[in-house]
């Protein structure tokens, strides 16, 4: 690559970086740990109607979480009340890659 082409490539990179910074673009990745209501051991497994309480995402079902841009990373049972009940733990991640600041809240 000759000297002029190298200068142009560096200048274009700086311009692009400046534009992204001016727009306030930033990477965003949020995770949330959600829990279902307690059920007796041996109860039916969670369904699409099971509501999970999530600190950031709110009280939602798995389809509602998906529609809001969250992706299930892991689901696991958690023993509660000394083995008298089970809660489902759901780890979800927000799939938003970039936030420009212009999205509705």
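Residue numbers (mature numbering (1 follows the signal peptide of the UniProt record, and there is no 0)): -27 to -1, 1 to 78.
Note that beta-carbon positions come from the ideal geometry of N, C-alpha and C, so glycine has one too.
### Message
Run through the DSSP bridge pairs and tell me what residue 60 is partnered with.
### Response
51
### Message
Less than 6 Å between C-beta atoms, sequence neighbours within five positions excluded: which residues of the same chain meet that for residue 43?
### Response
30, 65, 67
### Task
Kindly indicate the opening and closing residues of the alpha helix (DSSP H) around residue 22.
Here residue 22 belongs to no alpha helix (DSSP H), and DSSP marks it neither H nor E.
### Task
Pull up the distance between the alpha-carbon of residue 50 and that of residue 9, whole angstroms please.
10 Å
### Query
Roughly how many whole angstroms lie between the Cα atoms of residue 25 and residue 14?
18 Å
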